[in-house]
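Q: Input: one structure, supplied below.
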Amino acid sequence: MKSETSDQLLNDFVNRMIHSAGQNLESVILFGSAARPASKEHAADLNLLVTLKSSAPGDLKAIAPVVAWWTSDEKQPAPQVFTAGELAKSADVFAIEFSDMQSSHKILFGPDVVSGLKIPMNLHRVQVEHELRTTILKLRQLYLHNSRNAKSLAASLAKSMSSVKTLLRHSLITMEESVPATDAELFNHAAKLFSVSPGAFGKVLNLKNAATPPVDLDSIFGDYLSALETVTHALDEFLPKREWQRSAHK
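Read the sequence shown against the working numbering and you will find it ends at 1352, with the numbers running on by one and no gaps.
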């Protein structure tokens, strides 16, 4: 997708939303990699946040045809739909997602309802650990089901890397470290900080473009799982949860 085509497509989405939602539409915001100035938009999904003044069933039905066109005809991710008040109250449970949104977003229509969100970093830390532990459990289940099917295992491991990169970035944020821009730098920084091999992550990333599963796939899986377990343990040791409870529970 060319950049000018992306711009036209986004303008088309906004115009359709204005026509369908009318005065109920508050804002439309592009977020994620496509919102970064240096983004190669042909390789990036167009992730959108839509805020409405009301999200009653009738209001959602009014914009449903726009969403159907966006997802079915244009093959884009479904927009995230919130009310503004709901957005502000959700920052504690979507701390990772809204933190990413704040770092990379572009206003397409209406006010900037993202930059001013108050993200509680104590709950961000809890969400990072929760997501890491959930990922570890899923990887174990994945291996139990696919250990004898190398092709399926390799594909599933490669698919997991997108979320793992996000969790590595947010683990660094939790540890009060800077976050590198490239995958290689991210893996190297995480490897140094957590005392794991950068290859534990890099080899899994490379599975996406591998024509056939490598012969050492079991070893790659083991190193990958072990590295994530080490990161999770280090995070828990650095910031024990008993020190990060909600004030009402102290």
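Note that CB positions come from ideal geometry on N, CA and C, so glycine has one too.
1. By DSSP, does T1332 sit in helix, in strand, or in coil?
2. Evaluate D1214 with the Cβ neighbour count: other Cβ atoms within 10 Å of its Cβ, from every protein chain shown; 16 or more gives buried, anything less gives exposed.
3. What's the C-alpha gap between S1308 and A1260?
4. Ignoring anything shorter than 4 residues or poking outside the segment 1126 to 1193, list the alpha helix (DSSP H) runs there in chain order.
5. For L1295, name the three-state secondary structure that DSSP assigns.
6. Give the straight-line distance between the Cα atoms of Q1178 and S1328, rounded to the nearest whole angstrom.
7. For chain C, is any of its Cβ atoms less than 7 Å away from the one on S1122?
8. Going by the beta-carbon positions, is the gap between L1189 and L1132 smaller than 7 Å?
9. Do you know whose CA, among P1315, L1288, V1298 and L1154, lies nearest L1274's CA?
10. In angstroms with no decimal places, state the Cα-to-Cα distance between A1123 and A1158.
11. Within the chosen definition, does the segment 1241 to 1252 reach the segment 1165 to 1172 through at least 3 CB pairs nearer than 8 Å?
12. With contact counted as at least three CB pairs below 8 Å, one residue from each stretch, are the segment 1221 to 1230 and the segment 1264 to 1282 in contact?
A: From the atom records:
1. Residue state, collapsed to three classes: helix.
2. Under a 10 Å Cβ-count criterion, D1214 is classified as exposed, with fewer than 16 other Cβ atoms of the shown protein chains found around its own Cβ.
3. With the sequence shown as reference, residue 1308 is identified as Asn, and Ser is not the correct amino acid for it. N1308 and A1260: Cα-Cα distance of roughly 8 Å.
4. Runs of the alpha helix (DSSP H) inside the segment 1126 to 1193: 1159 to 1170 and 1186 to 1191.
5. L1295: helix per DSSP, three-state reduction.
6. Those two C-alpha atoms are separated by around 35 Å.
7. No chain C appears in this structure, which consists of one protein chain only.
8. At the C-beta level, L1189 and L1132 stay beyond 7 Å of one another.
9. Taking the Cα of L1274 as reference, the smallest distance to any Cα among P1315, L1288, V1298 and L1154 is reached at L1288.
10. Looking at the two C-alpha atoms, the distance is approximately 12 Å.
11. They do not touch, by the three-pair rule.
12. Yes: at least three Cβ pairs fall under 8 Å.
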